[in-house]
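Undergrad:
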Amino acid sequence: MRNLKKTKLDLLLEVLSDREWHWAEELARKVGHRFGAVVKVARDKSHKIETDRVGLQHRYRLLKF
4 MRNLKKTKLD LLLEVLSDRE WHWAEELARK VGHRFGAVVK VARDKSHKIE
54 TDRVGLQHRY RLLKF
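If you read the sequence shown in the numbering used here, its first letter stands for residue 4, the second for the next number, and so on.
1. With H, G and I counted as helix, E and B as strand and the rest as coil, what does DSSP make of R56?
2. Measuring only the C-alpha atoms, how far is V57 from V42?
3. Given Q60, which residues of its chain have a CB within under 8 Å of its CB, disregarding the five upstream and five downstream residues?
4. Thinking C-alpha only, which one of W24, L30, L65, V34 is nearest K8?
5. Got a sec, what are the start and stop residues for the alpha helix (DSSP H) R22 sits in?
6. Between D21 and chain C, is the shortest Cβ-Cβ distance under 8 Å, so that the two count as touching?
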């Protein structure tokens, strides 16, 4: 029996799957410090991720297709 570790992409999509806004701080904690690269990979794989800037902070959410 293999113990499959989740990829950073899996972690990102798991967090964003509720389609609610998530702050960059939360994503850094749950996905990893360089989560921005994972967001790019997700977008390259046709996942629609919206980014919004509120003051100096960014938040992200997964959109429906």
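Glycine is no exception: its CB is placed at the ideal position from the N, C-alpha and C atoms. Just so you know, these numbers come straight off a predicted model, no measurement behind them.
TA: Based on what the coordinates show:
1. Here R56 carries a strand assignment [DSSP, helix/strand/coil].
2. 18 Å
3. W26, A27, E28
4. Of the candidates W24, L30, L65, V34, the one whose C-alpha sits nearest the C-alpha of K8 is V34.
5. Element bounds for R22: n/a, residue is neither H nor E.
6. Of the protein chains in the structure, only one exists, and it is not chain C.
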